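K.L.:
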Amino acid sequence: MGREAASAMARWFVLNDFPVKPELLAVCDLNESLLKWYEQVPTCKLFTTDYKKLLSDKDVDVVYVAVPHNLHEQIYLDVLRSGKDLLAEKPFGIDLKAAKTIYDEAKKLKRFVRCSSEFPFLPGVQRMMTEVKSNTFGKILEIKAGFLHSSDLDPSKPVNWKRQVKTCGEIGVMGDLGMHVVHVPFRLGWKPVNVYAQLQKIYTERPDGKGGMAPSDTWDNATLTTDVSIEGRMVPMTLEMKRMAPGETNTWYIEVLGTDGGVRYSTKEPKTLWTFKRGKEQSWNKTDLGFQGQFPTITGAIFEPGFPDCFQQMLAAFVAEREGFLKDKFSCVTPDEAFLSHQLFEAALRSQKSKSVINL
Ligand SMILES: NC(=O)c1ccc[n+]([C@@H]2O[C@H](COP(=O)([O-])OP(=O)(O)OC[C@H]3O[C@@H](n4cnc5c(N)ncnc54)[C@H](O)[C@@H]3O)[C@@H](O)[C@H]2O)c1
2 MGREAASAMA
12 RWFVLNDFPV
22 KPELLAVCDL
32 NESLLKWYEQ
42 VPTCKLFTTD
52 YKKLLSDKDV
62 DVVYVAVPHN
72 LHEQIYLDVL
82 RSGKDLLAEK
92 PFGIDLKAAK
102 TIYDEAKKLK
112 RFVRCSSEFP
122 FLPGVQRMMT
132 EVKSNTFGKI
142 LEIKAGFLHS
152 SDLDPSKPVN
162 WKRQVKTCGE
172 IGVMGDLGMH
182 VVHVPFRLGW
192 KPVNVYAQLQ
202 KIYTERPDGK
212 GGMAPSDTWD
222 NATLTTDVSI
232 EGRMVPMTLE
242 MKRMAPGETN
252 TWYIEVLGTD
262 GGVRYSTKEP
272 KTLWTFKRGK
282 EQSWNKTDLG
292 FQGQFPTITG
302 AIFEPGFPDC
312 FQQMLAAFVA
322 EREGFLKDKF
332 SCVTPDEAFL
342 SHQLFEAALR
352 SQKSKSVINL
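Below you can see the structure in the form of structure tokens.
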């Protein structure tokens, strides 16, 4: 993810008339061969395996931290205490306790902190939110959102830090994929009042890459059935986070259905927006979207956006908000939203254990 951020900054000139230009000045990674990759970045002057060196660099204003979840708390706190602002990665601490500590410190020190979640910056998701806000859906019937992967279906896929509780966290797949799923619903004001969780562990060990096997002890799949309160009524909202969803490579989707209208968007059809209308007849309409991110770019309006584009739009939103010119444009995940996501995931663990509905 560090290299994605470097790439987004390196092609900053694609953004039209964007008044601030972030530059990558320093990079830290324990992996020396990765550090070598960053030597291609002309503005980068510090390459280190010791993040404290990066934090003592006076020219660095903001640090983007993308490390395994067990390191979030310590490194995020050190960033904040070094006087720098933070673009954090999900899940914003390995668990609820870590998230609260980071949240409190950011507030106390008044640092600008946001958390990464790039899919909402795709034009299709922006349009989907505009449709919801148009208030033409009648009574909302249900909301479904999810983020689906499938490479873990292969039992010969080696274990890594995301598949072990000690490095990924007890929340497992929810920590890995969950922030992506909740960002838009939370922002639309849909905050679960309760949760019933179905969590699954499928393969409990995997090749360790050295000829043996190692425990793979995190939750692989999570389905959270929740209620949200909309106009005084309880509305079911289902949130799916799955590492084992057959055929789904990196599918982010959302569907909102109402009595009069609805909307559906999935990265499986990245330029397609589906909208439902109930008129004399009922119809689903399919609209081809182009390249309309919220920050205009040199790219022609008919072209297709992809992952690097929404990541860059997210970074632009971070910079614009920090500099005070975001206005009413969509922003990155706030510390409040990140903390709320941890409250939800912690409640989901309790629900799984007790096989009951947990109130939030
Ligand atoms: N926003 C997204 O779409 C997205 C996608 C993938 C991962 N992530 C998040 O990004 C973070 C990193 O995930 P990843 O997939 O990039 O993992 P990764 O394993 O590919 O990279 C982590 C990097 O951290 C380095 N590292 C580990 N300990 C370090 C230390 N003490 N000091 C400096 N560097 C250290 C490792 O050498 C490695 O290069 C996680 O929080 C993950 O949830 C976000």
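2 is the number of the first residue of the sequence shown in my numbering; add one for each residue after it.
Think of the CB as a built atom: it goes at the ideal place given N, C-alpha and C, for glycine as much as any other residue.
Here the structure is a predicted model, which is why all the values come from computation and not from measurement.
Using CA atoms only, rank isn't needed, just tell me which of Gly294, Pro186 and Phe312 is closest to Phe304.
P.N.:
Among Gly294, Pro186 and Phe312, the Cα nearest to that of Phe304 is on Gly294.
K.L.:
Per the DSSP calculation, Asn286 is bridged to which residue(s)?
P.N.:
Thr276
K.L.:
On the DSSP letters alone, give me the boundaries of the beta strand (DSSP E) that Lys85 sits inside.
P.N.:
Segment: none, Lys85 is in no beta strand (DSSP E) and carries neither H nor E.
K.L.:
Using DSSP with H/G/I as helix, E/B as strand and the rest coil, what is Lys22?
P.N.:
coil
K.L.:
Express the C-alpha separation of Gly147 and Gly248 in angstroms, rounding to a whole number.
P.N.:
14 Å
K.L.:
Would a C-beta distance cut-off of 8 Å place Gly1 and Glu119 closer than the cut-off?
P.N.:
This structure cannot speak to residue 1, because the chain is shown only from 2 to 361.
K.L.:
Please return the same chain residues whose Cβ sits closer than 8 Å to the Cβ of Gly307, not counting the five positions on each side in sequence.
P.N.:
Pro271
K.L.:
Decide if Trp253 is buried, meaning its Cβ has at least 16 other Cβ atoms within 10 Å, or exposed.
P.N.:
buried
K.L.:
Sort out for me which residues DSSP pairs Gly259 with in a bridge.
P.N.:
By DSSP's assignment, Gly259 forms a beta bridge with Ile141.
K.L.:
With DSSP run on the structure shown, which of helix, strand or coil describes Met245?
P.N.:
Of the three classes helix, strand and coil, the one that applies to Met245 here is coil, per DSSP.
K.L.:
Out of curiosity, what's the CA-to-CA distance linking Cys116 and Gln353?
P.N.:
27 Å
K.L.:
Let's test the definition: count the other Cβ atoms within 10 Å of the Cβ of Gln313 and tell me whether it reaches 16, buried, or not, exposed.
P.N.:
Buried, since its Cβ has 16 or more Cβ neighbours within 10 Å.
K.L.:
Alpha carbon to alpha carbon, how far is Glu280 from Leu26?
P.N.:
Checking the sequence shown, residue 280 turns out to be Gly, not Glu. Straight-line Cα distance between these residues: approximately 56 Å.
K.L.:
Measure the alpha-carbon distance for Asp86 versus Tyr77 and round it to whole angstroms.
P.N.:
10 Å
K.L.:
What did DSSP end up calling Ser342 once you bin it into helix, strand or coil?
P.N.:
Note: Ser342 maps to helix in three-state DSSP.
K.L.:
Going along the chain, which residues of its own chain have a beta-carbon closer than 6 Å to the beta-carbon of Arg351, five neighbours each way excluded?
P.N.:
Closer than 6 Å at Cβ, skipping near neighbours: Ile359.
K.L.:
Determine which residues share a DSSP beta bridge with Phe148 and list them.
P.N.:
Answer is Met242 and Trp253.
K.L.:
Taking 8 Å as the threshold (C-beta atoms), are Gly259 and Thr276 in contact?
P.N.:
no
K.L.:
Candidates Lys269, Phe326 and Val320: which alpha carbon is nearest Gly125's?
P.N.:
If we check each option's Cα against that of Gly125, Lys269 comes out closest.
K.L.:
Please state whether the Cβ-Cβ distance between Leu341 and Val196 is less than 8 Å.
P.N.:
It is not a contact, given that the beta carbons lie outside the stated cut-off.
K.L.:
Is Ile144 buried or exposed, if buried means 16 or more other CB atoms sit within 10 Å of its CB?
P.N.:
buried
K.L.:
Does at least one heavy atom of ligand 1 sit under 7 Å from the Cβ of Cys29?
P.N.:
yes
K.L.:
What number of angstroms, rounded off, separates the C-alpha of Asn251 from the C-alpha of Ile203?
P.N.:
19 Å
K.L.:
Is Ala99 near ligand 1, going by C-beta to nearest heavy atom under 7 Å?
P.N.:
No, since every heavy atom of ligand 1 falls outside the 7 Å radius drawn around the Cβ of Ala99.
K.L.:
In the DSSP assignment, the alpha helix (DSSP H) including Leu178 goes from what residue to what residue?
P.N.:
Val174 to Arg188
K.L.:
To the nearest angstrom, how far is the alpha carbon of Pro92 from that of Asp153?
P.N.:
20 Å
K.L.:
Rounded to a whole number of angstroms, what is the C-alpha to C-alpha distance between Thr44 and Glu241?
P.N.:
About 40 Å.
K.L.:
Nearest-angstrom Cα distance between Met245 and Asp310?
P.N.:
26 Å
K.L.:
For a test of the three-state rule: what should DSSP assign to Leu72, helix, strand or coil?
P.N.:
helix
K.L.:
To the nearest angstrom, report how far apart Ser157 and Arg207 are at their CA atoms.
P.N.:
7 Å
K.L.:
For Asp228, which of helix, strand or coil comes out of DSSP?
P.N.:
strand
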